[in-house]
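S.K.: First, the structure itself, so that you have it in front of you.
In the numbering used here, the protein residues as written are 6 to 115.
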């Protein structure tokens, strides 16, 4: 009887650890997904700013974000540089990311 209790306890601990690792892994995946969505949205906004795409830069970013099932939290335009923030949820926890896109900053700029 003692061995079966020990086996049940070890199985419970292993199952709990596996579930915990799966949740943490899923959270990491959600964070990477949010980062990718922010990157794509910032690139879409920068394309509109540079004239490679038509429309409002923040509107283009919002289209990209909503197509991926996330929400846009911010869209800042500074010259030809677009900075976009997005948010989404994973298992009722908020996940946020931001990305910046535009021409490279010159080395001579302060």
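Every residue, glycine too, gets a C-beta built ideally from N, C-alpha and C.
This structure is a prediction, so every number in the text was calculated from the model and none was measured.
Who are the near neighbours of residue 50 in its chain, counting only those whose CB is closer than 8 Å to its CB and skipping five residues on each side?
M.R.: Same-chain partners within the cutoff: 62, 63, 65, 66, 80, 82, 87, 89, 106.
S.K.: Taking DSSP's pairing of strands, which residues face residue 102 in a bridge?
M.R.: According to DSSP, which records beta bridges pairwise, residue 102 is partnered with 91.
S.K.: Let me know the secondary structure DSSP gives residue 52 once reduced to three states.
M.R.: Helix at residue 52.
S.K.: Have a look at 84, 95, 104 and flag the residue whose alpha-carbon is nearest the alpha-carbon of residue 30.
M.R.: Cα-wise, what sits closest to residue 30 is 95.
S.K.: What did DSSP end up calling residue 61 once you bin it into helix, strand or coil?
M.R.: In the structure shown, residue 61 sits in coil (DSSP, three-state: anything other than H, G, I, E or B).
S.K.: Would you grab the beta carbon distance between residue 58 and residue 104 for me? Rounded to a whole angstrom, and I think it's under 8 Å.
M.R.: Not really, about 17 Å apart at Cβ, beyond 8 Å.
S.K.: From what residue to what residue does the beta strand (DSSP E) around residue 76 run?
M.R.: Note, residue 76: beta strand (DSSP E), 76-83.
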